[in-house]
Structures are given as C-alpha cells and as structure tokens.
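Written out below as structure tokens is the structure these notes cover.
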Amino acid sequence: MKITFSVPGDCKSMQTGSVVRTKDGRAFPIRRNTAYAERVYYQACQVAPEKPIEGPVAVTIIIDRTRPKSLPKKIEHPIQHPDIDNNLKGLLDAMNGVIYKSDSQVVSLYAIKRFGYPPGVQILIETVIELACYEEVK
5 MKITFSVPGD CKSMQTGSVV RTKDGRAFPI RRNTAYAERV YYQACQVAPE KPIEGPVAVT
65 IIIDRTRPKS LPKKIEHPIQ HPDIDNNLKG LLDAMNGVIY KSDSQVVSLY AIKRFGYPPG
125 VQILIETVIE LACYEEVK
C-alpha cells in the first residue's frame, strides 16, 4: 500500500515549551507551533485508510522551504533552523492513529530539506511487506 499527500506552507517544527504539572504530580509539556501539525493531520485524514496500518512502514518526506531573499546565491542548502529532525518529529506524530497506529512502526525514514517553491511538505508512506534478514557470517 502506498499513501502520498502534500501539505502547503513552510514546515514548522513541534517545539516543547515549559512543563505543566497536575495535582497528582504528572507532567505534560506545553506544545508550540501546533498549527502546522494540525494541517498535516487534516491532510492525512483525507487520504487515510479505513483502519490505520498495523505493520512496519517506510516513510519518505521532502520539505521545501522558502529561500530567504537575503541569502547569498552560493548557499544551495537550507542549513539554518529548524533542524530537519525537529521537523520530522512533528510530522510523524501528526500521522499517529490516522495513517499508522504509532510512529514506532516507522522502520525506514528518508528525508530531504531543500529550497523549493512553493513551500510545503510531500509525504509518502509505504507498507513494508518483507524485511531482509541478515545472518552474521562466520
């Protein structure tokens, strides 16, 4: 099974701010920049299977960022913040319970952050049918 969709706009990373404690002592992080994660969730719902995938999945994510006008032309890659891993965490979390049961099912992840127009994210999720087994050669 292959699922593919796009989310327009500059990708925002999910940031954890301060922590709120409940009366019984449990701690919950306050999330920031959740608007983009809600957009990802909405787009994922549009293409979601009837039931979330239960087996291993491979995910490919392409993040197109707006190139700042002040950036010198010789700089070809977006090496400024947000970090790609912070982007990925929010994107994968937004698909929990919609595309797959849990992002722990992601066994293969390929991601690119690049300058592109229009800004946005392209996501491809594929079920992994067979995993290669390797034996140690003695």
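Numbering follows my numbering, in which position 45 of the sequence shown is assigned residue number 49; successive positions increment by one, without gaps.
All C-beta atoms in this analysis are idealised placements derived from N, C-alpha and C, irrespective of residue type, glycine included.
Because the structure is a prediction, the values reported are computed rather than measured.
| Item | Value |
| --- | --- |
| Which first and last residues belong to the beta strand (DSSP E) in which Val63 is found? | Val61 to Arg69 |
| Cutting at 6 angstroms between CB atoms, please list the residues of its own chain near Val125, excluding the five before and the five after it. | Val11, Cys15 and Ile67 |
| Do Gln109 and Pro60 have their C-beta atoms within less than 9 angstroms of each other? | yes |
| What separation, rounded to the nearest whole angstrom, lies between the Cα atoms of Tyr104 and Ala39? | 21 angstroms |
| In three-state terms, what does DSSP make of Tyr114? | strand |
| What does DSSP give as the partner residues of Ile127 in its beta bridges? | Phe9 and Ile65 |
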